[in-house]
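S.K.: Using my numbering, read the sequence shown as starting at 2 and increasing by one per residue.
Where a beta carbon is used, it is the ideal one built from N, C-alpha and C, also for glycine.
The structure is given below, and queries will be raised subsequently.
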Amino acid sequence: MDLLRRGEQASVVRVDLANPSAKRLADLGFVPGAIVQMLRPGRPCIVRLSNSRLGLSDCLQKSVMLRRAGD
Numbered sequence: 002m003d004l005l006r007r008g009e010q011a012s013v014v015r016v017d018l019a020n021p022s023a024k025r026l027a028d029l030g031f032v033p034g035a036i037v038q039m040l041r042p043g044r045p046c047i048v049r050l051s052n053s054r055l056g057l058s059d060c061l062q063k064s065v066m067l068r069r070a071g072d
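See below:
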């Protein structure tokens, strides 16, 4: 997520479920193929997933692997 700029979109490739907190991300919709839009980069970052805005700590950001749209 560090490489996404404000407004950019990416698709979820995988979520590292070894992190107990990251399991909640899957419950919220961070599943392979889901589209995420970066609203505010940083720590924490704010992303849009479906119709929800979510703040993600540094730890949670590292648990999500994304593929930027067009890559």
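#1: Can you tell me the Cα-Cα spacing of D17 and M2, whole angstroms?
#2: So the alpha helix (DSSP H) R44 belongs to, where does it begin and stop?
#3: List the residues that DSSP assigns as beta-bridge partners of G56.
#4: Exposed or buried, which one is S22 when buried takes at least 16 other CB atoms within 10 Å?
#5: Return the CA-CA distance between G43 and G34, expressed in angstroms with no decimal places.
M.R.: Reading it off the structure:
#1: Here residue 17 is taken as the residue at index 16 of the sequence shown, counted from 1. Here residue 2 is taken as the residue at index 1 of the sequence shown, counted from 1. Rounded to whole angstroms, D17 to M2 spans 14 Å at the Cα level.
#2: Counting from one through the sequence shown, the residue named residue 44 turns up at place 43. Unbroken run through R44: none, as it is neither H nor E.
#3: Here residue 56 is taken as the residue at index 55 of the sequence shown, counted from 1. Answer is I47.
#4: Counting from one through the sequence shown, the residue named residue 22 turns up at place 21. Classification of S22: exposed, given that the 10 Å Cβ count is below 16.
#5: Along the sequence shown, one-based indexing puts residue 43 at 42. Along the sequence shown, one-based indexing puts residue 34 at 33. Taking the straight line joining both Cα atoms gives about 23 Å.
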